[in-house]
Every structure is written in C-alpha cells, then in structure tokens.
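Residue numbers for the sequence shown follow the working numbering, so the first one is 15 and each next one is one higher. Heads up, the thing below is written out as structure tokens.
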Amino acid sequence: MGATLRAPDRTGRPVGARDSRAYKVFTSVNTIGLIAFCGLMLYPFVTVLAQSFSSAGAVKAGLVNIWPVGFNTDTYAAVISNSMFWQNYRNTVVYTVVGTAIAMVLTTTFAYVLSKQHLRGRTVLIGIAIFTMFFNGGLVPNYVLISSLGLKNTMWAVVLPGALSVFNLLVMKSFFENMPRELEEAAQIDGLGWGGIFTRIVLPLSKAVIATMILFYSVAMWNDWFNAFLYLDKKELFPVTLFLRNLIAGASTTATEGAAATGGNSDAIAANIQAVTMILTMIPILCVYPFVQRYFVSGVMLGSVKG
15 MGATLRAPDR TGRPVGARDS RAYKVFTSVN TIGLIAFCGL MLYPFVTVLA QSFSSAGAVK
75 AGLVNIWPVG FNTDTYAAVI SNSMFWQNYR NTVVYTVVGT AIAMVLTTTF AYVLSKQHLR
135 GRTVLIGIAI FTMFFNGGLV PNYVLISSLG LKNTMWAVVL PGALSVFNLL VMKSFFENMP
195 RELEEAAQID GLGWGGIFTR IVLPLSKAVI ATMILFYSVA MWNDWFNAFL YLDKKELFPV
255 TLFLRNLIAG ASTTATEGAA ATGGNSDAIA ANIQAVTMIL TMIPILCVYP FVQRYFVSGV
315 MLGSVKG
C-alpha cells in the first residue's frame with residue numbers, strides 16, 4: 015500500500031505522497047527550461063552592459079560577450095557631461111508622466127461607461143473603438159491633422175496620439191463588468207451619484223488593473239520615438255529615445271563633443287556610446303518595474319477572464 019495522502023500543499027501536490035520518477039523528471043526539466051529561458055532573456059542586456067564598459071578595440075573586434083574587455087568609463091563620462099542628453103532625458107520623464115496621466119483618465123472613464131449594459135449606443139461605441147484597432151487614417155493624414163491643430167513642435171504632439179489604447183480599454187472594460195453590481199446599488203442607496211461611485215468605490219477596488227495599465231502606458235510612452243521624430247524639429251524638445259536613435263543613425267556629434275569634454279579619443283567613445291546610452295535609458299524602467307510587477311499578472315487576468 016502507498017503512503018496515505020493528505021491535503022495538498024501550496025503546489026497542489028498531496029503532502030506525504032512519495033515523489034514519482036515522472037514528477038521528478040518533470041520538475042528537473044521544467045527548472046532547467048526556465049533557467050535557460052531567463053538566461054536567453056538576460057543575455058542581450060548583459061552583453062550591452064559589458065560593451066558599455068569595454069574598450070573601442072574590443073567592441074570593434076567582437077571580443078565582448080558577457081564580460082567587459084579593456085574596462086573603461088570614458089564613454090559614461092562623455093554622455094553624462096552632455097547637456098543635451100540630460101535635457102532630452104528630462105523631456106522623456108515629463109512626456110511619460112503627463113502622457114500616462116492623460117491616458118489613464120481617458121481609459122478608466124471610457125471603460126467604465128462602456129461597462130454599463132444599459133448605456134444607449136454602447137454597441138456602437140465599442141464597435142468604433144474596435145474599428146480603430148485595425149484601421150487608421152495613415153501617416154500623412156495624421157501628420158496633416160497634428161500640424162493643422164498647431165501641435166507640431168509641442169509636447170502634445172508626443173503625448174496625445176497615443177493617449178488611448180483600445181486593447182487596454184477593452185481589458186479595463188472587462189474588469190469593470192466583472193465587479194459586483196451590488197456594490198454600486200448599495201452606494202446609490204446611500205446617495206452617491208455615478209461620479210462618486212466611480213471615484214470612491216470603483217477605482218479603489220481596481221488597483222491591480224490600474225497598476226497594470228500604468229505599466230503598459232508608461233513603458234510605451236518611455237520607448238516611443240517615432241511621434242517625436244515626425245512632429246518635433248527642435249532638438250531641445252526631443253525625448254531621450256530619439257537622442258539614442260540619432261546616435262545609432264549617425265546623426266549626432268555626441269561622440270566628438272564628448273571626446274572634447276573628456277580629452278578622450280573620439281573613435282573610442284563612438285564605438286560604445288550606443289551601449290552606454292541604452293543602459294542609461296533603461297535604468298528608470300528597470301527601477302520602476304519591480305514595484306508594479308506583482309500587479310501585472312493579476313491585473314491582466316482579472317481584466318480578461320469573465321467571472
């Protein structure tokens with residue numbers, strides 16, 4: 015007779031049960047597979063980090079893998095001393111904060127309205143939103159629209175075009191639909207209107223999905239460079255991602271300016287300045303992500319699975 019089975023533990027496996035060989039093999043293969051997958055995801059970042067601290071000759075010769083070769087920090091000093099980099103960096107922070115705030119206001123309010131079954135024209139509004147996921151006016155009409163509205167060479171040309179994601183809207187709408195109607199009915203009996211119900215009942219109970227949407231929007235805003243490339247002509251308004259794009263495209267003289275400021279060799283700085291700028295650009299997202307990551311899975315699942 016086998017061992018007596020008791021209530022399952024956190025893993026769902028009966029406590030006291032003898033591990034079968036198949037289970038041990040599955041656990042081992044699963045662990046190895048996850049470690050290998052994590053390694054593949056981390057490898058590009060580690061390689062770029064190593065290149066940012068390597069010498070120009072080692073980078074050009076392809077000798078840098080996961081460990082710096084010919085350690086140097088001259089390029090970091092050059093980039094950090096570049097005033098345009100920090101101005102563009104500040105622009106990115108402002109664009110991300112303002113853009114995410116606008117996007118969250120539009121997404122939460124629109125999604126809450128669409129979640130009400132009794133809303134007249136609800137089907138039409140949802141259809142219009144979904145239509146925009148597959149069809150848009152095109153690049154030239156969008157450029158003409160932004161220019162005619164007087165938004166070119168302003169912050170609003172960067173933050174407004176991406177202010178509402180239909181995918182995020184539908185996820186949040188589904189989340190609001192799954193909330194107990196009894197809560198709203200009780201709030202109405204207590205005298206709250208729709209605005210009070212939304213701000214005092216619905217939003218406090220939606221922290222998981224709100225944190226997930228903030229992560230989606232902030233990462234998209236932080237990484238966006240194309241709208242700035244289209245609508246901004248003044249370098250002092252560029253986000254740092256466009257600054258990085260210009261470095262990669264060879265449209266910047268940062269390497270020469272950095273060499274003059276640090277007394278270094280311009281060729282050496284140009285060889286790994288792209289890696290340095292990418293590392294400096296990724297740092298804020300890497301710092302913020304761990305604090306909202308715990309909401310990520312639960313927020314998406316709560317907003318996408320019908321209760």
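Don't be surprised by glycine CBs; every beta carbon is placed ideally from N, CA and C.
Short of 8 Å from the beta carbon of Ser179, and not among the five residues preceding or following it, lie these beta carbons of its own chain, in chain order: Ala117, Thr121, Phe230, Tyr231, Ala234. Cβ contact annotation for Gln65 (same chain, cutoff 7 Å, sequence separation greater than five): Val73, Val78, Asn286, Ala289, in chain order. For the pair Ala242 and Leu258, the CB atoms are not nearer than the 8 Å cut-off.
The beta-carbon distance between Tyr245 and Ala171, rounded to whole angstroms, is 4 Å. This is short enough to meet the 8 Å contact definition.
Between Tyr109 and Met186, the gap from beta carbon to beta carbon reaches 8 Å or more.
Note on Gly113: 16 or more other CB atoms within 10 angstroms of its CB, so buried under the neighbour-count rule. Following the DSSP letters along the chain, one finds Leu48 inside the alpha helix (DSSP H) bounded by residues 35-66. Taking C-beta atoms as the reference points, Pro253 and Asn96 fail to come closer than 8 Å. Exclusion of the five residues before and after Glu250 leaves Gln101 as the residues of its chain whose Cβ lies within less than 7 Å of its Cβ. Residue environment for Ile142: exposed (fewer than 16 other C-beta atoms within 10 angstroms of its C-beta). The alpha-carbon of Thr226 is positioned some 42 Å away from that of Ala75. Annotation: the continuous alpha helix (DSSP H) that includes Val112 extends over 97-128.
Beta-carbon to beta-carbon, Ile293 and Leu63 are separated by about 6 Å, close enough to satisfy the 8 Å threshold.
Measuring C-alpha to C-alpha distances from Lys248 to each of Thr87, Asn105, Val173, Phe305 identifies Asn105 as the nearest.
One alpha carbon belongs to Gly152, the other to Val119, and they sit about 26 Å apart. Taking C-beta atoms as the reference points, Tyr126 and Val223 fail to come closer than 8 Å. With contacts defined as CB atoms closer than 8 Å, Phe124 and Leu183 qualify as a contacting pair. If you ignore the 5 residues before and after Gly207, its C-beta comes within less than 7 Å of no other C-beta in its own chain. Per DSSP, Thr213 is not a residue of any alpha helix (DSSP H), being assigned neither H nor E.
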